[in-house]
Amino acid sequence: MGQSGKSEQKPKAAITYYPGCTMKTSATNYERTALAVAKNLGIELNELDDWNCCGVVATLAKDDLMHQLAPIRNLRRLQEKGEDKVLVLCDMCYNTLRQSEQFIQDNPDKLATINAFFDQEGPYKGGVKVIHFLQYLRDEYTFEKLKKKVEVKLKGLKVVPYYGCMLLRPKGCAIDDQEEPRVLKDLMETLGAEVVDSPYKIECCGSYNTVEQKELVAKRTYRIVKAARDQGGELIVLSCPLCRFNLDERSRLAQEMYPDFVPLPVMYYTQLMALAMNLDPDMLGLEKHYVDPRPLLKKKGFLHTDAAETEMSD
Amino acid sequence: MTEETIREAKQEVLGTITIYIMGKGYEVPSGLTIMSAIEYAGYKFVRSCGCRAGFCGACATVYRKETEHKLTFTLACQTLAEEGMYLVQLPFVPAAKSIYDLDKIELVGNTILEHYPEIARCVSCNTCTKSCPQDIEVMKYIQAALRGDAARCAQLSFDCIQCGLCAMRCPADIKHYHVAQMARRLYAKFLAPKTPQLDVRNKELEDGKFDKELDRYEKLDKKELVALYKARDHEEGDSS
Chain A
34 MGQSGKSEQK PKAAITYYPG CTMKTSATNY ERTALAVAKN LGIELNELDD WNCCGVVATL
94 AKDDLMHQLA PIRNLRRLQE KGEDKVLVLC DMCYNTLRQS EQFIQDNPDK LATINAFFDQ
154 EGPYKGGVKV IHFLQYLRDE YTFEKLKKKV EVKLKGLKVV PYYGCMLLRP KGCAIDDQEE
214 PRVLKDLMET LGAEVVDSPY KIECCGSYNT VEQKELVAKR TYRIVKAARD QGGELIVLSC
274 PLCRFNLDER SRLAQEMYPD FVPLPVMYYT QLMALAMNLD PDMLGLEKHY VDPRPLLKKK
334 GFLHTDAAET EMSD
Chain B
1383 MTEETIREAK QEVLGTITIY IMGKGYEVPS GLTIMSAIEY AGYKFVRSCG CRAGFCGACA
1443 TVYRKETEHK LTFTLACQTL AEEGMYLVQL PFVPAAKSIY DLDKIELVGN TILEHYPEIA
1503 RCVSCNTCTK SCPQDIEVMK YIQAALRGDA ARCAQLSFDC IQCGLCAMRC PADIKHYHVA
1563 QMARRLYAKF LAPKTPQLDV RNKELEDGKF DKELDRYEKL DKKELVALYK ARDHEEGDSS
């Protein structure tokens, strides 16, 4: 890293980043905006070179070691690379990896079995810390520092933070207060937005039931989004790609099931951060959303017509 | 004398080893491939035999050596028979294949997953990789397919000979080799660099550009052809 003239070059904070499958498929806009935001903040996110699907959901059966293999494989890879922590964007991946790490810490005998199964592939010794990007921003980067990077205050934008489950439950994984989390509220206020609270902010979106029982999820979509709108919210902000799918894409089915239902646009916190930090609007990937956030953002003056029309091809 | 000493003596003095074909023991000369050893024992392969060169995947073999507990997977034509091998051939793997028309499908992130939804059941146990006689990183290519990376799946699975051992061992019923073949086809059709020069050449052929030359060669006798061939332009060291 060279020194440019008299200005002091702060060393970049570098951390290994585990993407997970969704970041590469249906949530490419989340990844893209997160990486852009990180770059702007001087955080170097280096994608783990060799990774597999995290397994999606932490297994609940204590004797089910088969479903620990997928997450532990990733943790072992990190350990092989000499990493003792990993940053994760996807809430589901965060939860699965974190729970697996906790499981082997609590059950060294089970870890021994898993390592016996790994055999010549090599053992996992435990000790990799799993961190969510929101945690990192709040605890390591800090919101005070972030405030200085805000160029466009999201003034007048009434956002409803939505957390879902994965960052709050079970207790060992919680990155915030389980009943009254505030990390998204604090982040949004840092960006200058007006935060509207919703009683359903920690209500489960229905998660993977969206595959086999769409109506079950659409029912929850209706309830959660309606509550947000009834409280005066204009936009829901969240951090989980599955929640995004359930509250956004499933609004389509909710509209069929509940004729009075009017959906709300749903965005990732990184997309709002990118807007507030005045980054390239063409990379926001808002065209991937079912409920288009662009009209609202344009009305509030955060997006300009010509920029918003450009579609990003993945 | 220990069992091992007897075995070693037998191998050295008589030049034979004992192999077990479906549990029955046979004395065969050492130095034969598994396939030849089985044939020496009097069996005739009507299935589970093909190119005999490690390329067709017909002779998938599972064996366990008497002194070990682990199973090993290989091709019968490529591995030498060893003392105490308990052998079994796998002539056929009934893996379901998705029927698709390459001209009608698109390559998007979920294409492979849509045709083979069971790849989402992969638990990363790596049993497939351990079963592969070609040392392919099977689990890695399934993971690539899972995240829609057809190019990486195609690249990693290149050496696959479709022996089917991976599919037989998979606890999630994934048909790895069918998935990989689809990835390779999608890669070739949608992602591989196009070769416009091939189209040019094909057109030239159709337009008859080379007809005269081809006619000329057809009319030459063997002696003239051989002389022409020997006199052709070629690199040093290229055997003629």
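Quick note, the sequences are listed as chains A and B, same order. If you're matching positions, the first sequence starts at 34 in the working numbering and goes up one per residue. If you're matching positions, the second sequence starts at 1383 in the working numbering and goes up one per residue. From the three backbone atoms N, C-alpha and C, an ideal C-beta is built for every residue, glycine too.
Measure the alpha-carbon distance for residue 67/A versus residue 1563/B and round it to whole angstroms.
Distance between the alpha carbons of residue 67/A and residue 1563/B: 34 angstroms.
In the DSSP output, what is residue 227/A paired with across the bridge?
Its beta-bridge partners are 191/A.
Sorted by chain position, which residues of the same chain lie with C-beta nearer than 6 angstroms to residue 148/A's C-beta, five sequence neighbours on each side aside?
The residues are 156.
Using a Cβ-Cβ cut-off of less than 8 angstroms, list which residues of the segment 1503-1531 of chain B approach chain A; keep chain order.
From the segment 1503-1531 of chain B, only 1504, 1505, 1506, 1507, 1508, 1521, 1522, 1525, 1528, 1529, 1530 and 1531 have a Cβ closer than 8 angstroms to chain A.
Is there a Cβ of chain B sitting closer than 9 angstroms to that of residue 134/A, yes or no?
Cβ-Cβ to chain B under 9 angstroms: no for residue 134/A.
Can you grab the Cα-Cα spacing for the pair residue 308/A / residue 1474/B, in whole Å?
Going by the C-alpha atoms only, they are around 57 angstroms apart.
Quick check: residue 354/A and residue 299/A, are their CB atoms within less than 9 angstroms of each other?
Nothing can be reported for residue 354/A, as the shown portion of chain A is limited to 34 through 347.
With a threshold of 8 angstroms, are at least 3 pairs of Cβ atoms found where one atom belongs to the segment 1457-1464 of chain B and the other to the segment 1416-1426 of chain B?
With the cut-off at 8 angstroms, the segment 1457-1464 of chain B and the segment 1416-1426 of chain B touch.
Looking at chain B, is there any beta carbon in it that lies within less than 9 angstroms of the beta carbon of residue 58/A?
Output row for residue 58/A: interface = yes.
For residue 1483/B, is the classification buried or exposed, using 16 other Cβ atoms within 10 angstroms of its Cβ as the cut-off for buried?
The residue in question, residue 1483/B, is exposed, as its Cβ has fewer than 16 Cβ neighbours within 10 Å.
Could you tell me the alpha carbon to alpha carbon distance between residue 241/A and residue 202/A, rounded to whole angstroms?
C-alpha separation (whole angstroms): 16 angstroms.
Indicate the three-state DSSP secondary structure (helix, strand or coil) for residue 121/A in the structure shown.
Three-state result, residue 121/A: strand.
Could you tell me if residue 1512/B is buried or exposed, where buried requires 16 or more neighbouring beta carbons within 10 angstroms of its beta carbon?
Classification for residue 1512/B: buried.
Give me the Cα-Cα distance between residue 302/A and residue 195/A, rounded to the nearest whole angstrom.
So the two alpha carbons sit approximately 10 angstroms from each other.
Should residue 139/A go down as buried or exposed, given a rule of 16 or more other Cβ atoms within 10 Å for buried?
Exposed, since its Cβ has fewer than 16 Cβ neighbours within 10 Å.
What are the residues that DSSP puts in a beta bridge with residue 1455/B?
Note: residue 1455/B sits in a beta bridge opposite 1444/B.
Whose Cβ in chain A lies nearer than 8 angstroms to the Cβ of residue 1436/B?
The premise fails here: residue 1436/B is roughly 24 angstroms from chain A at the closest Cβ pair, so nothing lies under 8 angstroms.
Do you know how far the Cα of residue 142/A is from the Cα of residue 289/A?
Between residue 289/A and residue 142/A, the C-alpha separation is close to 51 angstroms.
According to a CB-to-CB cut-off of less than 8 angstroms, which residues of the segment 97-121 of chain A neighbour chain B?
Hits within the stretch, in order: 99, 100, 102, 103 and 106.
Could you confirm whether any beta carbon from chain B is found closer than 9 angstroms to the beta carbon of residue 124/A?
It does not: the Cβ of residue 124/A has no partner Cβ on chain B nearer than 9 angstroms.
So with Cβ pairs under 9 angstroms, would you call residue 83/A a contact of chain B?
Chain B contact via Cβ: present.
Drop a sphere of 10 angstroms on the beta-carbon of residue 1593/B, count the other beta-carbons inside from all chains shown, and report buried for 16 or more, exposed for fewer.
Flag for residue 1593/B reads exposed.
So with CB distances below 7 angstroms, who are the chain B contacts of residue 198/A?
Result: empty, since nearest Cβ-Cβ is about 21 angstroms, beyond 7 angstroms.
Out of curiosity, what's the CA-to-CA distance linking residue 1573/B and residue 1527/B?
Roughly 14 angstroms separates the two Cα atoms.
Under the rule that 16 or more other beta-carbon atoms within 10 Å means buried, what is residue 1529/B, buried or exposed?
Residue 1529/B should be labelled buried.
Should residue 150/A be flagged as near chain B, meaning a C-beta pair shorter than 9 angstroms?
Interface residue, yes.
Okay, do the segment 49-59 of chain A and the segment 108-125 of chain A touch, 3+ Cβ pairs below 8 angstroms being the bar?
Flag = yes, the segment 49-59 of chain A and the segment 108-125 of chain A touch.
For the alpha helix (DSSP H) that contains residue 62/A, what are its first and last residues?
It spans 61-73 - the alpha helix (DSSP H) in which residue 62/A sits, taken as one unbroken run.
Against residue 154/A, what residues of chain B qualify as contacts under a CB-to-CB distance less than 8 angstroms, listed in chain order?
What residue 154/A touches in chain B: 1508.
Assess contact between the segment 90-108 of chain A and the segment 68-78 of chain A, defined as three or more Cβ pairs (one per stretch) separated by less than 8 angstroms. Is contact present?
In short, these stretches do not touch, since the Cβ pair count stays below three.
Considering just the uninterrupted stretch of the alpha helix (DSSP H) at residue 162/A, what are its terminal residues?
Premise fails: residue 162/A lies in the beta strand (DSSP E), 162-165, not in any alpha helix (DSSP H).
Use the C-beta contact count for residue 1553/B: other C-beta atoms within 10 angstroms, 16 or more gives buried, fewer gives exposed.
Flag for residue 1553/B reads exposed.
Check whether the segment 113-123 of chain A touches the segment 180-192 of chain A, taking contact to mean three or more Cβ pairs, one atom from each stretch, closer than 8 angstroms.
With a cut-off of 8 angstroms, the segment 180-192 of chain A and the segment 113-123 of chain A do not count as touching, because too few Cβ pairs lie within range.
Can you give me the start and stop residues for the alpha helix (DSSP H) that residue 1521/B sits inside?
Counting along the chain, the alpha helix (DSSP H) containing residue 1521/B begins and ends at 1520-1528.
Measure from the alpha carbon of residue 1506/B to the alpha carbon of each residue in 1386/B, 1409/B, 1535/B and 1525/B, then state which is nearest.
The shortest C-alpha separation from residue 1506/B is found at 1525/B.
Am I right that residue 184/A and residue 306/A are in contact with their C-beta atoms under 8 angstroms? What's the rounded C-beta distance?
The Cβ separation is near 11 angstroms, so there is no contact.
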